[in-house]
Amino acid sequence: MAKAKNAVPEGHHTVTPQLTLDNAAQAIDWYKKALGVEEVTRAVGPDGKIMHAEIRLGDSLIMLNDAMGGGKGPRAIGGSP
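For the sequence shown, the residue numbers in the numbering used here are 190 to 270.
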């Protein structure tokens with residue numbers, strides 16, 4: 190019988206959160222100061238918005254992006270920024 194492949198990418202856990210934010214750059218800066226996260230990667234679009242970013246907190250990755258297109262940030266759904 191063939192061995193099952195692991196669907197979880199290396200460096201990730203079974204669940205990896207993806208946060209859509211109104212200002213991902215500001216959030217990343219705050220997470221760095223408040224929690225000591227490490228910024229792993231940041232992809233910025235031509236409009237200056239973050240299309241994809243990853244931060245590391247301990248041994249976990251958290252993915253972030255700015256609200257754009259169909260992706261709504263917290264304020265658009267009645268939450269806090």
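Just so it is clear, CB atoms sit at the ideal spot from N, CA and C, and this is done for glycine as well.
Test: residue i CB closer than 8 Å to a CB of chain D
i, result
"T205", "Included in the structure is just one protein chain, with no chain D present."
The alpha helix (DSSP H) enclosing residue i, as first and last residue numbers
i, result
"D218", "A213 to L224"
Straight-line Cα distance separating residue j from residue i
i, j, result
"M240", "A256", "9 Å"
"L208", "M252", "6 Å"
Beta strand (DSSP E) segment containing residue i, residue limits
i, result
"I244", "I239 to L246"
Residue nearest to residue i in terms of C-alpha spacing, selected from the options
i, options, result
"H213", "A242, P198 and H201", "The question names His, but residue 213 is Ala in the sequence shown. For the residues A242, P198 and H201, the minimum Cα distance to A213 belongs to A242."
"G200", "G268, D248 and I266", "D248"
Opposing strand residues paired with residue i [DSSP bridges]
i, result
"V233", "I239"
"E228", "I244"
"N254", "T209"
"G260", "M257"
Nonlocal neighbours in the same chain, by C-beta distance under 7 Å from residue i, ignoring five residues either side
i, result
"R231", "I239 and A242"
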